[in-house]
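Visitor: Below is the structure I would like to discuss, written out as structure tokens.
Number of protein chains: 2
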Amino acid sequence: MHSKADHGRVTVTAPVEGMTIAEAAERTGLTPHTLRYYERDGLMLRSVGRTTSGHRVYTDRDLTWVTMLTRLRATGMSIREVKAYAALCRQGAGNEAERLALLQTHRARVLAQLAEVHEHLEAIDVKIGMYASTMARADT
Amino acid sequence: MHSKADHGRVTVTAPVEGMTIAEAAERTGLTPHTLRYYERDGLMLRSVGRTTSGHRVYTDRDLTWVTMLTRLRATGMSIREVKAYAALCRQGAGNEAERLALLQTHRARVLAQLAEVHEHLEAIDVKIGMYASTMARADT
DNA sequence: GTCGGCCTTGGAGTGCACTCGAAGTCAAGC
DNA sequence: GCTTGACTTCGAGTGCACTCCAAGGCCGAC
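Going down the list, the protein sequences come from chains A and B. Per our numbering, the first sequence runs over residues 200 to 339. Per our numbering, the second sequence runs over residues 200 to 339.
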């Protein structure tokens, strides 16, 4: 059942030691290209592990981080800022206040942008209403 | 009072005939560069008028369109698609159904994306809550 | 032992949406 | 009549976030 994509893995005993980049990609909805890019660019908490043959091994912890990273990205945080957040987390305990500030700033931005989109969407809805009534008139 | 930025305008009699690109930029929140770019790229309903000296003259109709255009852009519609919408509007009456469909498709996408952002934001809020309680503990 | 398939790296390429620069024109003020 | 400053066009440049490619390595299957 797990014959392909098992290349560099030992799978000696333990209950799943990690996964290939392809699996990680599938589970996170990103592409292997993007996962490598994120690592190269310093967005990962730490370098992903490797097998003896050099293949990446993603752990659940890695995926958890990638998920957080995806949430930040999906809400509009730039790569640059995600990198800053990752750097803080990498430093370890002691800078929680900074991390909190960063996330709160982001949160405020997201709320503002959400409000803006809502406003624009309402105006677009008015336009849609106009076209809809035009269609209704043409339908007679 | 209106001495500068009046360059190409005649201002013979009438109650404001149009405005310069600088004024249009200020009123729409875009830059003159961007306004020119939009026109070049075919996003305007029709080419903006010119003075005898070749300067652009923006009318209220132009600004109304730019506003709509800004709303579409701000809600994530691509330049390419805005261009398609502009092309439909330019064609004149008869394709209201297509325009409606385009806007409704866009609306659906925006709603989906809004929901996604909300979901991600909630997860980020949880994280913020964790840091906040860490801070509270450290505060003692 | 060689083939297929997934992996590696470094670097280059892509698409989008602006954004800027250079060189020139024009009307108004001094 | 010369300077000033906002405008013009065309084309090139920028920043972001991927996205892809070439060349090569490793492993299991045939």
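We put the beta carbon where it would ideally sit given N, CA and C, even for glycine.
#1: Out of curiosity, what's the CA-to-CA distance linking residue 284(B) and residue 231(B)?
#2: Quick one: residues in its chain with C-beta nearer than 7 Å to the C-beta of residue 225(B), no 5 flanking neighbours on either side, listed in chain order?
#3: Are residue 288(B) and residue 272(B) close, meaning C-beta to C-beta below 8 Å?
#4: Alpha carbon to alpha carbon, how far is residue 233(B) from residue 253(A)?
#5: Which residues in chain B have a C-beta closer than 9 Å to the C-beta of residue 309(A)? List them in chain order.
#6: In chain order, which beta strand (DSSP E) runs of at least 3 residues are fully inside the stretch 244-301 of chain A?
#7: Does the Cβ of residue 217(A) have 16 or more other Cβ atoms within 10 Å, making it buried, or fewer, making it exposed?
#8: The alpha helix (DSSP H) that contains residue 233(A), what's its start and end?
#9: Would you call residue 223(A) buried or exposed, if buried means 16 or more other Cβ atoms sit within 10 Å of its Cβ?
#10: Compare the C-alpha of residue 326(A) against each of 268(B), 251(B) and 246(B) and name the closest.
#11: Verify the CB distance criterion: does residue 326(A) have a CB-CB separation below 8 Å to chain B?
Guide: Looking at the coordinates:
#1: 22 Å
#2: none
#3: no
#4: 47 Å
#5: 316, 319, 320 and 323
#6: none
#7: buried
#8: 231-239
#9: buried
#10: 268(B)
#11: yes
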